[in-house]
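J.: Quick note, the sequences are listed as chains P and B, same order.
Counting in full-length UniProt numbering, the first sequence runs from 1 upward without gaps.
Counting in full-length UniProt numbering, the second sequence runs from 1 upward without gaps.
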Amino acid sequence: MMLQTVIAMAAAGAEGFAASPFVSLAYLIAGVLFILALRGLSSPASSRRGNRMGMAGMAIAVATTLYTHDVISLPEIVGAIAIGGAIGFVIARKIEMTAMPQLVAAFHSLVGLAAVLVGAAAFLNPGAFGILDALTGEIHNASRIEMGLGVAIGAITFSGSVIAFLKLNGNMSGKPIMLPARHLINLGTLAAILGLIAYFVTDQSPWIFWTVTALSFIIGFLLIIPIGGADMPVVVSMLNSYSGWAAAAMGFTLGNTAMIITGALVGSSGAILSYIMCKAMNRSFISVIAGGFGAEAASAGGGASAVDRPYKRGSAEDAAFLMKQADSVIIVPGYGMAVSQAQHALREMGDLLKKEGVSVKYAIHPVAGRMPGHMNVLLAEANVPYDEVFELEDINSEFGQADVAFVIGANDVTNPAAKTDKSSPIYGMPILDVANAKSVLFVKRSMGGAGYAGVDNEVFYMDNTMMLLADAKKMVEEIVKGLAH
Amino acid sequence: MDFISILSIFVLACFVGYYVVWSVTPALHTPLMAVTNAISSVIIVGALVASAEAGSAAAKYLGLIAVTLASVNIFGGFAVTERMLAMYKKKERK
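Rendered as structure tokens:
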């Protein structure tokens, strides 16, 4: 209540956007709370407190804005928040954890679209945003650039995220779609957008603003369609970053510290995640953005060596027997586990093994799955304690001592070709050294499909590897039955 | 506020973001994306300004749509983060 009175008093003294110190202070507090929200994520123990701080920051930002403006349409605003909030809340409750990458992409698209709408509203009603020059009655030059950039980034975020959503959700093929001369088209469009934003400074005609918006929608679409499914972790992180920069650009237009701080936080967060993902695949950011990964590799390396090499095939009983005898088992999950929803059965298998006195650990490659941390969330959903789940660099040396490496739905991230074969498209990518374990159990649907990179995996044909060819979930359930008696 | 002070805040916030995000444990990268998503919807501030002020009916309705979209994100983003974080549990020590 105190805070509200302070803000209300401040509001009474504030005219338009010439905000009083109290108002700026409130936005600053919101910004700091957002920083603390991310800080909380440094460990699962402090993470929920952090999330609450984020909520508090948002509440302060919204309340401050409403108090400091002559709100002429409060019922409509409350209605809009209630409708949006209810939709968001229901989605958050109902969504399957395996669908998290799509959901995040969808949410990014909403931030992007909101940024475009806010930019358009600022263009149509600049007086309300306090960006009119008192002398000329036109929009400030700096504000025009900020607005142009904000709208452009917002529009790219929107259409790019829509494509990413469709690919992740399976409405659109995960294969890269290659247009002829796409690099030329893309660079031309980007140049046109930047040129028009620069021109916007000298001429504030509406057609420039709307052309920038339209071109940005198009370029977002063009940028993402040539990028294949396996590169989606980078794309999702990149769009995350863009949504932040869009918010920051709008924050510049409004001179609002909460928006600027948040935009910078989210922008750098997404950029760092993209960097981590690229490094984990040993690919440069440019080559990911240029797209087409997977398409070339499949046509180049697919035919020759993949046919008719001898491999050992095992049954669920064999696998159960082998693991029962083991002292330690390391489980390597990948996207295939998410697709077949095998995480719960997997945890059951882990529990039974632990009862037999076997040490069970999970090894996660940074790009396993379709977004950063995807596997960790799924394992957490299946009640796997997070202190049994290890990152690549923390566990990789342990494969040498492990009796069994149990690979489920992962492929490229275990492929030794990344270390030995310079011509391989995945050469240089850090891998999980499953081949060093005494035996390898490899759960895979069939011998036919290679991984996303389209390369054959030597691990399949090793003497100490047993291939378990079946749907991941069915196979694990069979193994659980085998372990139970 | 003049442009340079705003720019200073922005640059410093980028550095804060850099250090804070590197300290996030990789196991929580998915919740990180969900929560950054929620907080980037602070763009609702701009949407509220557009829908609260008189002057242009079109701007007001664009603002209201933006408020709705941002609200989906705010409530959805924080709620789904909360749901995910609640699942991360330590080993039970008996």
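Just so you know, even glycine gets a beta-carbon here, dropped at the ideal spot from N, CA and C.
Interface residues of chain B around Arg-347(P) at Cβ under 9 Å?
T.: Residue mapping note: residue 347(P) aligns to position 347 of the first sequence, counting from 1. Those within 9 Å of Arg-347(P) in chain B number zero; the least Cβ separation is about 12 Å.
J.: So is Asp-387(P) buried or exposed if we call it buried at 16+ other beta carbons inside 10 Å?
T.: In the first sequence, residue 387(P) corresponds to position 387, counting from 1. When all chains shown are included, Asp-387(P) counts as exposed.
J.: Can you list, in chain order, the residues of its chain whose CB lies under 6 Å from that of Leu-113(P), leaving out five sequence neighbours each side?
T.: On the first sequence, position 113 is the one that residue 113(P) refers to. Phe-158, listed in sequence order.
J.: Determine the direct distance from the alpha carbon of Ile-77(P) to that of Lys-60(B), and round the result to whole angstroms.
T.: The residue labelled residue 60(B) in the question sits at position 60 within the second sequence. The residue labelled residue 77(P) in the question sits at position 77 within the first sequence. If I take the Cα positions, the gap works out to 10 Å.
J.: Taking C-beta to C-beta, are Phe-390(P) and Ala-363(P) nearer than 8 Å?
T.: The residue given as residue 390(P) occupies position 390 in the first sequence. The residue given as residue 363(P) occupies position 363 in the first sequence. Yes, the pair counts as a contact, with Cβ atoms nearer than the cut-off.
J.: Return the CA-CA distance between Lys-444(P) and Tyr-461(P), expressed in angstroms with no decimal places.
T.: In the first sequence, the residue the question calls residue 444(P) occupies position 444. In the first sequence, the residue the question calls residue 461(P) occupies position 461. Looking at the two C-alpha atoms, the distance is approximately 13 Å.
J.: Measure the C-alpha to C-alpha separation of Met-349(P) and Gly-154(P) and round it to an integer number of angstroms.
T.: As a working note, residue 349(P) is residue 349 in the first sequence. As a working note, residue 154(P) is residue 154 in the first sequence. Cα to Cα, Met-349(P) sits roughly 45 Å from Gly-154(P).
J.: For Ser-173(P), which beta-bridge partners are listed by DSSP?
T.: Walking along the first sequence from the start, residue 173(P) turns up at place 173. Ser-173(P) pairs with nothing; no bridge assigned.
J.: What's the C-alpha gap between Ala-63(P) and Leu-117(P)?
T.: Position 63 of the first sequence, counted from the start, is the residue given in the question as residue 63(P). Position 117 of the first sequence, counted from the start, is the residue given in the question as residue 117(P). Roughly 21 Å separates the two Cα atoms.
J.: Whole-angstrom Cβ separation of Phe-30(B) and Met-147(P), contact assumed at under 8 Å?
T.: Reading the second sequence from its first residue, position 30 is the one you call residue 30(B). Reading the first sequence from its first residue, position 147 is the one you call residue 147(P). According to the sequence shown, residue 30(B) is Thr rather than Phe. That belief does not hold up - the Cβ atoms of Thr-30(B) and Met-147(P) are roughly 33 Å apart, past 8 Å.
J.: Would you report the Cα separation of Ala-248(P) and Ser-8(B), rounded to the nearest angstrom?
T.: Counting from 1 along the first sequence, the entry for residue 248(P) is found at position 248. Counting from 1 along the second sequence, the entry for residue 8(B) is found at position 8. Near 13 Å, if we compare the C-alpha coordinates of Ser-8(B) and Ala-248(P).
J.: In terms of DSSP beta bridges, what is Thr-465(P) paired with?
T.: In the first sequence, residue 465(P) corresponds to position 465, counting from 1. DSSP lists Val-440(P) as partners of Thr-465(P).
J.: Tell whether a beta-carbon distance below 8 Å holds between Asn-464(P) and Asp-433(P).
T.: By 1-based counting over the first sequence, the position of residue 464(P) is 464. By 1-based counting over the first sequence, the position of residue 433(P) is 433. Going by C-beta atoms, Asn-464(P) is not nearer than 8 Å to Asp-433(P).
J.: When the cut-off is 8 Å and only beta carbons count, does Ser-41(B) lie next to chain P?
T.: Residue mapping note: residue 41(B) aligns to position 41 of the second sequence, counting from 1. Yes - at least one Cβ of chain P is within 8 Å of the one on Ser-41(B).
J.: Taking C-beta pairs closer than 9 Å, name the residues in chain P that Ile-74(B) reaches, listed in chain order.
T.: Numbered from its first residue, the second sequence carries residue 74(B) at position 74. Ordered by position in chain P, the residues that pass the 9 Å Cβ test against Ile-74(B) are Met-55, Met-58, Val-62, Ile-81, Gly-84, Gly-85, Gly-88.
J.: If we define contact as Cβ-Cβ less than 8 Å, is Ile-9(B) a contact residue for chain P?
T.: If you number the second sequence from 1, residue 9(B) lands on position 9. Yes, Ile-9(B) lies at the interface with chain P (some Cβ there is under 8 Å from its Cβ).
J.: Quick check on Leu-28(B): does DSSP put it in helix, strand or coil?
T.: Position 28 of the second sequence holds residue 28(B). In the structure shown, Leu-28(B) sits in a helix (DSSP, three-state: H, G or I).
J.: Taking DSSP as the reference, what is the three-state secondary structure of Ser-305(P)?
T.: Position 305 of the first sequence holds residue 305(P). At Ser-305(P), the pLDDT of 48 sits below 50, so the modelled position is not reliable and the matter cannot be decided from this model.
J.: Check whether the Cβ of Met-466(P) lies closer than 8 Å to any Cβ atom in chain B.
T.: Residue 466(P) sits at position 466 when you count from the first residue of the first sequence. So, not an interface residue.
J.: Quick one: any contact between the stretch 256–275 of chain P and the stretch 196–214 of chain P, if contact means 3 or more CB pairs under 8 Å?
T.: The stretch 256–275 of chain P is not in contact with the stretch 196–214 of chain P.
J.: Any contact between the stretch 124–142 of chain P and the stretch 231–246 of chain P? By contact I mean 3 or more CB pairs, one from each, below 8 Å.
T.: The answer is no - the stretch 231–246 of chain P does not touch the stretch 124–142 of chain P, with fewer than three Cβ pairs under 8 Å.
J.: One question on the structure: do Ala-122(P) and Ala-50(B) come within less than 8 Å of each other, judged by their Cβ atoms?
T.: Taking the first residue of the first sequence as position 1, residue 122(P) is located at position 122. Taking the first residue of the second sequence as position 1, residue 50(B) is located at position 50. Yes.
J.: Mapping the DSSP letters down to three states, classify Arg-370(P) as helix, strand or coil.
T.: The residue given as residue 370(P) occupies position 370 in the first sequence. Looking at Arg-370(P) - three-state DSSP - the assignment turns out to be coil, as it is neither helix nor strand.
J.: Mind listing which residues of the stretch 343–369 of chain P have their C-beta closer than 7 Å to chain B's C-betas, in chain order?
T.: Per Cβ criterion, the list reads Pro-366.
J.: Exposed or buried, Gly-400(P), counting other C-beta atoms within 10 Å across all chains shown (16 or more means buried)?
T.: Residue numbering aside, residue 400(P) sits at position 400 when the first sequence is read from its first letter. Answer is exposed; the Cβ neighbour count stays below 16.
J.: Under a CB-based cut-off of 8 Å, is Tyr-335(P) close to chain B?
T.: Locating residue 335(P) in the first sequence gives position 335, counting from the first residue. So no, Tyr-335(P) is outside the interface.
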